[in-house]
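Enquirer: In terms of my numbering, the sequence shown opens at residue 22 and continues consecutively. We put the CB at the ideal spot given by N, CA and C, even for glycine. All of these numbers come straight from a predicted model, not from anything done at the bench. The following block contains the structure, expressed as structure tokens.
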Amino acid sequence: MAKEETELSHFLSSSLDYVIVGGGSAGLVLATRLSEDPTVHVGVLEAGKSRIDDENVDSPQGIPSLLHNPEYDWALNSIPQPGTDDRVHVLSGGKMLGGSSGINFMCYCQPLEDDINIWGQLGNVGWSWDELAPYFQKTRGGETELSNGHVGSIKTCFPSGDLDIERAMLDVLNAATGGERPGFYRPLSAIEYGGASEKPTRSYASTGYLAPNVGRANLHILSEATVCRILFESGAPLRAQGVEFCYGGAVHNVSANVEVILSAGTFHSPQILELSGIGDPDVLNAAGIDCRLPLVDVGNNLREHPMAVVSYNLRASNDTAPPEPSVSLREPISTECLVRLVGFLPYASLVAPSELDHAGIAANTGHNHSVYQRALAKFRDPQRSLVQLIGHPGGFGLADSVPRHASYSLLVIGSHPQSQGSCHILSQDPFRAPRIDLGILSQQEDVNVLAAGVAFADSTFHSEHIVHHIAERAFPDRSIDLQDRDQACRFVRNSAVAFNHGVGTCSMGIVVDEQLRVKGVRGLRVVDASVIPLHMAGNPMSTVYALAERASDLIKLDTETC
22 MAKEETELSH
32 FLSSSLDYVI
42 VGGGSAGLVL
52 ATRLSEDPTV
62 HVGVLEAGKS
72 RIDDENVDSP
82 QGIPSLLHNP
92 EYDWALNSIP
102 QPGTDDRVHV
112 LSGGKMLGGS
122 SGINFMCYCQ
132 PLEDDINIWG
142 QLGNVGWSWD
152 ELAPYFQKTR
162 GGETELSNGH
172 VGSIKTCFPS
182 GDLDIERAML
192 DVLNAATGGE
202 RPGFYRPLSA
212 IEYGGASEKP
222 TRSYASTGYL
232 APNVGRANLH
242 ILSEATVCRI
252 LFESGAPLRA
262 QGVEFCYGGA
272 VHNVSANVEV
282 ILSAGTFHSP
292 QILELSGIGD
302 PDVLNAAGID
312 CRLPLVDVGN
322 NLREHPMAVV
332 SYNLRASNDT
342 APPEPSVSLR
352 EPISTECLVR
362 LVGFLPYASL
372 VAPSELDHAG
382 IAANTGHNHS
392 VYQRALAKFR
402 DPQRSLVQLI
412 GHPGGFGLAD
422 SVPRHASYSL
432 LVIGSHPQSQ
442 GSCHILSQDP
452 FRAPRIDLGI
462 LSQQEDVNVL
472 AAGVAFADST
482 FHSEHIVHHI
492 AERAFPDRSI
502 DLQDRDQACR
512 FVRNSAVAFN
522 HGVGTCSMGI
532 VVDEQLRVKG
542 VRGLRVVDAS
552 VIPLHMAGNP
562 MSTVYALAER
572 ASDLIKLDTE
582 TC
């Protein structure tokens, strides 16, 4: 592959139209699309290292060497969370070009239509499933055959081989949902096979978007460059002029002729806004920063998927090692690093109607309150999927004593949490991690949803067609009765973790407008998971790609009409 980075001197001397802060899942999509016009010069500043052609990143089996490794993972810590017995949660994020698409579990899972439509119903004109759907196709191609060989930027395939327990699981779980969509299915993985004799490799933002286009003379990439703050023109109205960044121990400035675009992610994008004087005046004053623009919701509305795990040891005859792949020359992908099955369940189908009658609805002061209430009220709807189940060979880290080859787990995720938190700076130091309060399980309804989900997962292992595959429960301890509501709730609070799907801290509609422009500032946008106003069912990677694809078109159109 050609050299992907620009020398510092060349970067600083280039006349850049767009400066993108963050070369992650969204940032590299933007850089690729905006630089399609050879007359438009795009600069990308990435705080992490390049990691292009890094074997640990490229190999689907490399995930254990990435997560919580400070060389690859930001591994930010939350403050102690009362909702989870005051435990601190480690929040993973890719510290490299490609961002979190370079360290995640590669699950390509599109959201439900209703989860996107609610964005527009919150007042964000132009954001609906119909308008975003073409960009999902653009990301991974438009072929109808869901196998290898897609023409989109991100290559996808199904995991190799079927496991006996998973075939039984799919039958049992789909029977439990009555065959209704979306049901349970084998999801796609963002993995590329280059040919029959080549090893499978992770398909992510760096390989899918950046690699084919690194030769563009108008695309300038600088990694290991930490942005300190946004620079503004003097006078009013407030307009972004460029950014200040640290590289090699020195501080530098770079200008943007058209726009600065923040794509630093859910935790770092609000951090940079606040370091630049945009945010809640109380937060800024406490950190010793002059307020340039009072935008009180910067860093608020943090949403995170809570996740609990139920694991069972398997009988010796039901080992989770996959069979040989259909093409013998292809290297099989370790089942430990792939999501093997995915499905969604309505909360209303898991509990008695009397429990729904007493369920509360959390208020939200930022969004249109009536629309927000209607969205959350759908948890009473028997067709509304509020629980996600993921099948995974092994213990998924919560049952580390379980040998991975001899166990199977169902991950239970609350897909539409009512709990919300915040992410705010503590000082003027751009290298100091922000204070992250997830607010995870601060709302009892989120605990109830997970408790119902783990009870269902546990009972699934004991269904007629699966029970002969299992030996005994490995996690939680067999003394815990997950069918007892109080014990299940206690287990959830004691063991649930953040699933590293944080969104919402620069929320569309309250921090940015429907064009993703920061309200009250010219020449400044945010394009990443932080703009997603409410959480979605499923893994957010595909949505971030699609969002960035659409944002690229919005930016191009905006420039043409100026």
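1) Is it right to say residue 452 is buried, meaning 16 or more other beta carbons lie within 10 angstroms of its own, or is it exposed?
2) Grouping DSSP H, G and I as helix and E and B as strand, with all else coil, what is residue 557?
3) Taking 9 Å as the threshold (C-beta atoms), are residue 480 and residue 50 in contact?
4) Could you tell me the boundaries of the beta strand (DSSP E) in which residue 409 lies?
5) For residue 422, which residues of its own chain have a beta-carbon under 7 Å away from its beta-carbon, when the five flanking residues on both sides are left out?
6) Which value, in whole angstroms, describes the spacing of the CA atoms of residue 208 and residue 558?
7) Determine the DSSP secondary structure at residue 578, reduced to helix, strand or coil.
8) Where does residue 126 fall in DSSP's three states?
9) Is the Cβ of residue 475 closer than 9 Å to any Cβ of chain B?
10) Taking the alpha-carbon of residue 314 as reference, which of 222, 333, 251 and 246 has the nearest alpha-carbon?
11) Please identify the residue among 101, 291 and 472 whose C-alpha is closest to the C-alpha of residue 548.
12) Leaving out five residues on either side along the sequence, give the residues of the same chain with a beta carbon under 7 Å from the beta carbon of residue 258.
13) Need the endpoints of the beta strand (DSSP E) that residue 288 sits in, please.
14) So is residue 499 buried or exposed if we call it buried at 16+ other beta carbons inside 10 Å?
15) Terminal residues of the continuous beta strand (DSSP E) containing residue 367?
16) Going by DSSP, which residues form a beta bridge with residue 65?
17) For the structure I just gave you, are there three or more beta carbon pairs, one from the region 262 to 269 and one from the region 87 to 102, closer than 8 Å?
18) Is residue 585 helix, strand or coil when you go by DSSP?
19) Does the beta-carbon of residue 293 have 16 or more other beta-carbons within 10 angstroms, so that it is buried, or is it exposed?
20) Considering only the alpha carbon of each residue, which of 146, 72 and 105 lies closest to residue 327?
21) Under 7 Å Cβ to Cβ from residue 35, same chain only, skipping five residues before and after it: list those, please.
22) Taking the continuous alpha helix (DSSP H) assigned at residue 433, which residues delimit it?
23) If you draw a straight line from the alpha carbon of residue 188 to that of residue 245, how long is it in whole angstroms?
24) Thinking C-alpha only, which one of 442, 447 and 406 is nearest residue 435?
25) Per the DSSP calculation, residue 70 is bridged to which residue(s)?
26) How many whole angstroms separate the CB atoms of residue 324 and residue 525, which I take to be in contact at a CB cut-off of 8 Å?
27) So, using beta-carbon positions, are residue 446 and residue 295 closer together than 9 Å?
28) With DSSP as the reference, label residue 280 as helix, strand or coil.
29) Less than 6 Å between C-beta atoms, sequence neighbours within five positions excluded: which residues of the same chain meet that for residue 78?
30) Please list the terminal residues of the continuous beta strand (DSSP E) segment that includes residue 214.
31) For the candidate residues 360, 68, 458 and 439, whose alpha-carbon lies nearest to that of residue 411?
32) Rounded to whole angstroms, what's the CA-CA distance from residue 577 to residue 404? Just pull it up for me.
33) So, with DSSP's three-state summary, where would you put residue 266?
34) Three-state secondary structure (DSSP) at residue 499?
35) Does the distance from the C-beta atom of residue 568 to that of residue 517 stay below 9 Å?
Expert: To lay it out plainly:
1) On the sequence shown, position 431 is the one that residue 452 refers to. Residue 452 comes out exposed.
2) For the purposes of this step, residue 557 is identified with residue 536 of the sequence shown, where counting begins at 1. Coil.
3) Here residue 50 is taken as the residue at index 29 of the sequence shown, counted from 1. Here residue 480 is taken as the residue at index 459 of the sequence shown, counted from 1. Contact check for residue 50 against residue 480 fails: the beta carbons are separated by 9 Å or more.
4) Taking the sequence shown and counting its residues from 1, the one referred to as residue 409 is at position 388. Its beta strand (DSSP E) spans residues 406 to 414.
5) For the purposes of this step, residue 422 is taken as residue 401 along the sequence shown, with counting starting at 1. For residue 422, the pLDDT reaches just 48, beneath the cut-off of 50, and the residue's location in the model is therefore unreliable, leaving the point undetermined.
6) Taking the first residue of the sequence shown as 1, we reach residue 208 at position 187. Taking the first residue of the sequence shown as 1, we reach residue 558 at position 537. Going from the Cα of residue 208 to the Cα of residue 558 covers about 14 Å.
7) Here residue 578 corresponds to residue number 557 of the sequence shown, with the count starting at 1. Looking at residue 578 - three-state DSSP - the assignment turns out to be helix.
8) In the sequence shown, residue 126 corresponds to position 105, counting from 1. DSSP places residue 126 in the coil class of the three-state scheme, outside both helix and strand.
9) No chain B is part of this structure, which consists of one protein chain only.
10) On the sequence shown, residue 314 is found 293 positions in, with the first residue counted as 1. Checked all of 222, 333, 251 and 246; the closest Cα to residue 314 is 251.
11) On the sequence shown, residue 548 is found 527 positions in, with the first residue counted as 1. Its Cα nearest to that of residue 548, the residue 291 stands out among 101, 291 and 472.
12) The residue given as residue 258 occupies position 237 in the sequence shown. Result list for residue 258: 543, in chain order.
13) By one-based count along the sequence shown, residue 288 stands at place 267. The continuous stretches of beta strand (DSSP E) do not include residue 288, and DSSP gives it neither H nor E.
14) The count along the sequence shown starts at 1 and reaches residue 499 at position 478. Label assigned to residue 499: exposed.
15) Here the question's residue 367 lines up with position 346 in the sequence shown. Segment 362 to 367, the beta strand (DSSP E) holding residue 367.
16) The residue given as residue 65 occupies position 44 in the sequence shown. Under DSSP, the beta-bridge partners assigned to residue 65 are 41 and 242.
17) Not touching, per the Cβ criterion.
18) Nothing can be reported for residue 585: it is not among the residues displayed for the chain, which extend from 22 to 583.
19) Counting from 1 along the sequence shown, the entry for residue 293 is found at position 272. Burial check for residue 293: the Cβ neighbour count within 10 Å reaches 16 or more, so the residue is buried.
20) Taking the first residue of the sequence shown as position 1, residue 327 is located at position 306. For the set 146, 72 and 105, the Cα lying nearest the Cα of residue 327 is the one of 105.
21) The sequence position of residue 35 within the sequence shown is 14, counting from 1. Within the same chain, residue 35 has close Cβ partners 62, 64 and 241.
22) For this step, residue 433 is matched to residue 412 along the sequence shown. From DSSP, residue 433 is part of no alpha helix (DSSP H) but of the beta strand (DSSP E) over 428 to 435.
23) In the sequence shown, residue 188 corresponds to position 167, counting from 1. In the sequence shown, residue 245 corresponds to position 224, counting from 1. One C-alpha to the other measures close to 45 Å.
24) Translated into the one-based positions of the sequence shown, residue 435 becomes position 414. Residue 406 is the option with its Cα nearest to residue 435.
25) For the purposes of this step, residue 70 is taken as residue 49 along the sequence shown, with counting starting at 1. Residue pairing from DSSP places residue 70 in a beta bridge opposite 117.
26) Here residue 324 corresponds to residue number 303 of the sequence shown, with the count starting at 1. Here residue 525 corresponds to residue number 504 of the sequence shown, with the count starting at 1. Going by Cβ atoms, the distance from residue 324 to residue 525 rounds to 4 Å, so yes, they are a contact pair.
27) Counting from 1 along the sequence shown, the entry for residue 446 is found at position 425. Counting from 1 along the sequence shown, the entry for residue 295 is found at position 274. Closer than 9 Å, so yes.
28) Translated into the one-based positions of the sequence shown, residue 280 becomes position 259. Correct three-state label for residue 280: strand.
29) Translated into positions along the sequence shown, residue 78 becomes position 57. The answer, listed in chain order, is 72 and 123.
30) Mapped onto the sequence shown, residue 214 falls at position 193. Going by DSSP, residue 214 is part of the beta strand (DSSP E) stretching over 212 to 214.
31) Here residue 411 refers to the residue found at position 390 of the sequence shown. Of the candidates 360, 68, 458 and 439, the one whose C-alpha sits nearest the C-alpha of residue 411 is 360.
32) In the sequence shown, the residue the question calls residue 577 occupies position 556. In the sequence shown, the residue the question calls residue 404 occupies position 383. Going by C-alpha positions, residue 577 is about 39 Å away from residue 404.
33) Taking the sequence shown and counting its residues from 1, one reaches residue 266 at position 245. Residue 266: strand per DSSP, three-state reduction.
34) Here residue 499 refers to the residue found at position 478 of the sequence shown. It is coil, neither helix nor strand.
35) As a working note, residue 568 is residue 547 in the sequence shown. As a working note, residue 517 is residue 496 in the sequence shown. Using a Cβ distance threshold of 9 Å, residue 568 and residue 517 do not count as a contacting pair.
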